[in-house]
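J.:
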DNA sequence: TGACTTCTTGAACGCTCTGTCAAGAAGTTG
DNA sequence: CAACTTCTTGACAGAGCGTTCAAGAAGTCA
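Chains as they are written, first to last, in full-length UniProt numbering: chain A, 1 to 199; chain B, 1 to 199.
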């Protein structure tokens with residue numbers, strides 16, 4: 001049974017990564033298939049043949065976005081002391097350097113954007129988003145638990161609550177930043193939050 | 001100069017208020033004019049004649065949403081002690097009772113949703129959103145300043161920074177809640193934040 | 001009543017959208 | 001080379017979109 005045929009002319013992974021940028025900056029509804037065809041230099045038929053329909057394509061893009069983000073998160077959280085790393089995580093809500101091609105307005109967090117646009121009426125999107133949030137709080141709570149035991153972070157609140165708070169904070173910051181970032185005000189708010197975590 | 005003519009058969013204000021609900025739950029792009037015609041029981045032509053095009057209609061709805069929210073906010077902030085009021089503001093990010101018809105999934109904050117969908121590429125939406133955020137931080141900072149002077153709230157951070165933090169928090173909470181609210185986790189995170197403000 | 005103004009109705013227009021498909025191109029395999 | 005498989009291309013269909021508009025209805029005013 002022959003499994004060969006004409007080879008694909010574009011790189012599937014790279015194309016998905018570029019689709020992340022597009023979907024990330026414009027959202028699901030405002031990105032048309034024609035936009036994708038133009039930006040990715042791949043014809044409609046090939047796009048449909050490779051990635052399925054637009055919704056599936058988008059959800060795959062979100063999953064890739066999150067995977068990249070999670071790798072950065074894990075790396076950042078595995079440092080001592082922890083608080084500077086948390087500050088970094090909060091300070092750059094749009095710092096996925098691997099996916100950012102060049103400068104431009106911040107697009108916020110793609111998971112957050114997906115939440116606003118597709119959740120809760122799209123069940124699959126809701127699942128992706130929920131799992132991402134859960135991963136974030138689990139990873140951050142683990143790190144905070146360790147930091148509480150070393151005495152770096154205050155233990156007057158459970159690490160799970162602190163992690164949940166940081167999720168709200170980073171999502172809020174990432175969203176509000178779309179409307180224009182007052183760097184000084186944002187930094188001063190972040191420092192206030194980080195200080196509150198200090199033992 | 002006669003200014004009369006056939007009187008409008010529907011209540012403009014009530015119709016706008018009902019449009020808020022629709023736009024709020026589905027967003028701008030996912031709410032079609034036909035959806036509005038069906039839900040509001042007003043024909044297309046009348047809608048266009050009264051509210052202008054869809055975008056103008058939506059922006060008016062956002063402005064109404066915010067006006068109602070701000071009234072609630074001002075009332076809540078004008079209480080002593082302040083911290084329980086702040087807790088209330090954070091606890092119910094979707095508590096605009098006047099506009100909520102009945103139960104249903106939370107839609108988050110309509111200003112936040114607008115930010116995710118239309119900002120920054122829509123200049124007018126960006127202006128509405130920016131002004132709303134600014135009003136929120138101004139009002140909350142004023143209240144915090146008073147509460148700092150009475151000794152209720154800690155003064156180890158400027159009230160502006162605390163207010164900015166609360167904006168991020170309420171927006172993050174409101175957004176993440178769309179994906180399903182774990183009430184216990186959310187409340188514990190909010191209490192952690194409120195405790196951090198206590199003097 | 002007749003002139004005037006505004007609102008209502010729903011058909012229709014032009015456009016864009018997602019998704020499909022047939023024909024051809026480009027490989028592999030025997 | 002011939003058979004087979006997969007990918008590419010771009011036209012196409014079908015649906016839905018926002019918006020306009022002409023004709024009629026319902027008021028006011030002189």
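No residue lacks a Cβ here, since even glycine has one placed at the ideal position from N, Cα and C.
Evaluate residue 149(A) with the Cβ neighbour count: other Cβ atoms within 10 Å of its Cβ, from every protein chain shown; 16 or more gives buried, anything less gives exposed.
T.: On the first chain, residue 149(A) is found 149 positions in, with the first residue counted as 1. The residue in question, residue 149(A), is exposed, as its Cβ has fewer than 16 Cβ neighbours within 10 Å.
J.: Please go through the same chain and pick out, in chain order, the residues whose beta-carbon is closer than 6 Å to the beta-carbon of residue 98(B), but skip the five residues on each side of it.
T.: On the second chain, position 98 is the one that residue 98(B) refers to. Low confidence applies to residue 98(B): its pLDDT is 45, below 50, so where it sits in the model is not reliable enough to give any reading.
J.: Three-state secondary structure (DSSP) at residue 128(B)?
T.: Numbered from its first residue, the second chain carries residue 128(B) at position 128. It is helical.
J.: The alpha helix (DSSP H) spanning residue 174(A) covers which residue range?
T.: Within the first chain, residue 174(A) is the residue found at index 174, counting from 1. 159-176 is the span of the alpha helix (DSSP H), which, as asked, contains residue 174(A).
J.: Between the C-alpha atoms of residue 58(B) and residue 168(B), what's the straight-line distance to the nearest angstrom?
T.: Position 58 of the second chain holds residue 58(B). Position 168 of the second chain holds residue 168(B). If you take the alpha carbons of residue 58(B) and residue 168(B), they lie about 24 Å apart.
J.: Using 8 Å as the cut-off, can you tell me whether the segment 177-192 of chain B makes contact with the segment 153-172 of chain A, which would need three or more C-beta pairs spanning the two stretches below that distance?
T.: Segments in contact, yes.
J.: Shorter than 9 Å from the beta carbon of residue 117(A) to some beta carbon of chain B?
T.: Translated into the one-based positions of the first chain, residue 117(A) becomes position 117. True, the Cβ-Cβ gap to chain B drops below 9 Å.
J.: So for residue 153(B), helix, strand or coil by DSSP?
T.: Translated into the one-based positions of the second chain, residue 153(B) becomes position 153. Three-state DSSP puts residue 153(B) in a strand.
J.: Please list, in chain order, the chain A residues whose beta carbon lies closer than 9 Å to that of residue 162(B).
T.: Sequence index remark: in the second chain, residue 162(B) carries index 162 (1-based). The answer, in chain order, is 189, 192.
J.: What's the C-alpha gap between residue 10(A) and residue 60(B)?
T.: Here the question's residue 10(A) lines up with position 10 in the first chain. Here the question's residue 60(B) lines up with position 60 in the second chain. Cα-Cα distance, rounded: 45 Å.
J.: Please list the terminal residues of the continuous alpha helix (DSSP H) segment that includes residue 23(A).
T.: Here the question's residue 23(A) lines up with position 23 in the first chain. Here the alpha helix (DSSP H) through residue 23(A) covers 12-26.
J.: Nearest chain A C-beta to residue 34(B) closer than 9 Å, yes or no?
T.: Stepping through the second chain from its first residue, residue 34(B) is reached at position 34. No, because no Cβ of chain A sits closer than 9 Å to the Cβ of residue 34(B).
J.: Between residue 117(A) and residue 180(B), how many whole angstroms is the CB-CB distance? I'm expecting something under 8 Å.
T.: Taking the first chain and counting its residues from 1, the one referred to as residue 117(A) is at position 117. Taking the second chain and counting its residues from 1, the one referred to as residue 180(B) is at position 180. Actually they are not in contact, since the Cβ atoms of residue 117(A) and residue 180(B) sit about 16 Å apart, beyond 8 Å.
J.: Note down the Cα distance separating residue 12(A) from residue 23(A), rounded to an integer number of angstroms.
T.: Here residue 12(A) refers to the residue found at position 12 when the first chain is read from its first residue. Here residue 23(A) refers to the residue found at position 23 when the first chain is read from its first residue. One C-alpha to the other measures close to 16 Å.
J.: Measure from the C-beta of residue 20(B) to each C-beta in chain A and report whether the shortest distance is under 9 Å.
T.: The residue you call residue 20(B) lines up with position 20 of the second chain. Answer no: the Cβ-Cβ gap between residue 20(B) and chain A never drops below 9 Å.
J.: Rounding to the nearest angstrom, what Cα-Cα distance links residue 123(A) and residue 114(A) in this structure?
T.: Counting from one through the first chain, the residue named residue 123(A) turns up at place 123. Counting from one through the first chain, the residue named residue 114(A) turns up at place 114. Rounded to the nearest angstrom, the two C-alpha atoms are 12 Å apart.
J.: When the cut-off is 9 Å and only beta carbons count, does residue 183(A) lie next to chain B?
T.: Residue mapping note: residue 183(A) aligns to position 183 of the first chain, counting from 1. For residue 183(A), the answer is no, since every Cβ of chain B falls outside 9 Å of its Cβ.
J.: Please state if the CB of residue 153(B) and the CB of residue 198(B) are separated by a distance shorter than 9 Å.
T.: In the second chain, the residue the question calls residue 198(B) occupies position 198. In the second chain, the residue the question calls residue 153(B) occupies position 153. Contact flag set, yes.
J.: Work out the CA separation of residue 41(B) and residue 138(A) for me, nearest whole Å.
T.: Sequence index remark: in the first chain, residue 138(A) carries index 138 (1-based). Sequence index remark: in the second chain, residue 41(B) carries index 41 (1-based). In a straight line, the C-alpha of residue 138(A) is about 47 Å away from that of residue 41(B).
J.: Just list the residues that DSSP pairs residue 6(A) with in beta bridges.
T.: Stepping through the first chain from its first residue, residue 6(A) is reached at position 6. The partner list for residue 6(A) (beta bridge, DSSP) is empty, contrary to what the question assumes.
J.: When the distance is taken between beta carbons, is residue 159(A) closer than 9 Å to residue 178(A)?
T.: As a first step, residue 178(A) must be located in the first chain, where it is residue number 178. As a first step, residue 159(A) must be located in the first chain, where it is residue number 159. No, these two residues do not count as a Cβ contact at 9 Å.
J.: Please go through the same chain and pick out, in chain order, the residues whose beta-carbon is closer than 6 Å to the beta-carbon of residue 140(B), but skip the five residues on each side of it.
T.: Taking the first residue of the second chain as position 1, residue 140(B) is located at position 140. If we look at residue 140(B) and ignore the five residues flanking it on each side, its Cβ neighbours are 163, 166.
J.: If we count the other Cβ atoms within 10 Å of its Cβ and call it buried at 16 or more, is residue 192(B) buried or exposed?
T.: Stepping through the second chain from its first residue, residue 192(B) is reached at position 192. When all chains shown are included, residue 192(B) counts as buried.
J.: I'd like to confirm the pairing. Which residues does DSSP put opposite residue 198(B) in its beta bridges?
T.: The residue given as residue 198(B) occupies position 198 in the second chain. Residue 198(B) is bridged to 153(B).
J.: With 9 Å set as the bound, which would you pick, yes or no: does the beta-carbon of residue 91(B) sit closer than that to a beta-carbon of chain A?
T.: As a working mapping, residue 91(B) is identified with position 91 in the second chain. So no, residue 91(B) is outside the interface.
J.: What residues in the UniProt domain "HTH tetR-type" (9-69) of chain B bring their beta carbon closer than 7 Å to a beta carbon of chain A?
T.: Against chain A - using a Cβ distance shorter than 7 Å - the residues of the UniProt domain "HTH tetR-type" (9-69) of chain B are 27, 29, 30.
J.: Does the distance from the C-beta atom of residue 62(B) to that of residue 128(B) stay below 9 Å?
T.: Looking up residue 62(B) in the second chain gives position 62. Looking up residue 128(B) in the second chain gives position 128. Yes, Cβ-Cβ distance for residue 62(B) and residue 128(B) is below 9 Å.
J.: How long is the line joining the alpha carbons of residue 20(B) and residue 36(B), rounded to whole angstroms?
T.: Your numbering for residue 20(B) matches position 20 in the second chain. Your numbering for residue 36(B) matches position 36 in the second chain. Taking the straight line from one Cα to the other gives about 10 Å.
J.: Return the residue from the list 18(A), 53(A), 29(A) that minimises the CA-CA distance to residue 38(A).
T.: Translated into the one-based positions of the first chain, residue 38(A) becomes position 38. Taking only the C-alpha atoms, the option nearest residue 38(A) is 18(A).
J.: For residue 228(A), collect the residues of the same chain with a Cβ closer than 7 Å to its Cβ; drop the 5 residues on either side in sequence, then sort them by chain order.
T.: A question about residue 228(A) goes unanswered here, because the residues of chain A that appear run from 1 up to 199.
J.: Beta-carbon of residue 144(A) versus every beta-carbon of chain B: anything under 9 Å?
T.: Locating residue 144(A) in the first chain gives position 144, counting from the first residue. No, residue 144(A) does not count as interfacial toward chain B.
J.: Kindly indicate which three-state DSSP category residue 70(A) falls into: helix, strand or coil?
T.: Stepping through the first chain from its first residue, residue 70(A) is reached at position 70. Residue state, collapsed to three classes: helix.
J.: Only counting the same chain, and skipping five residues up and downstream in sequence, which positions put a Cβ closer than 6 Å to that of residue 107(B)?
T.: For the purposes of this step, residue 107(B) is identified with residue 107 of the second chain, where counting begins at 1. Result list for residue 107(B): 24, 25, in chain order.
J.: Is the separation between the beta-carbon of residue 195(B) and that of residue 157(A) shorter than 9 Å?
T.: Here the question's residue 195(B) lines up with position 195 in the second chain. Here the question's residue 157(A) lines up with position 157 in the first chain. Yes, these two residues count as a Cβ contact at 9 Å.
J.: Just reading off the alpha helix (DSSP H) that residue 111(B) is part of, what are its end residues?
T.: Here residue 111(B) corresponds to residue number 111 of the second chain, with the count starting at 1. 110-118 is the extent of the alpha helix (DSSP H) around residue 111(B).
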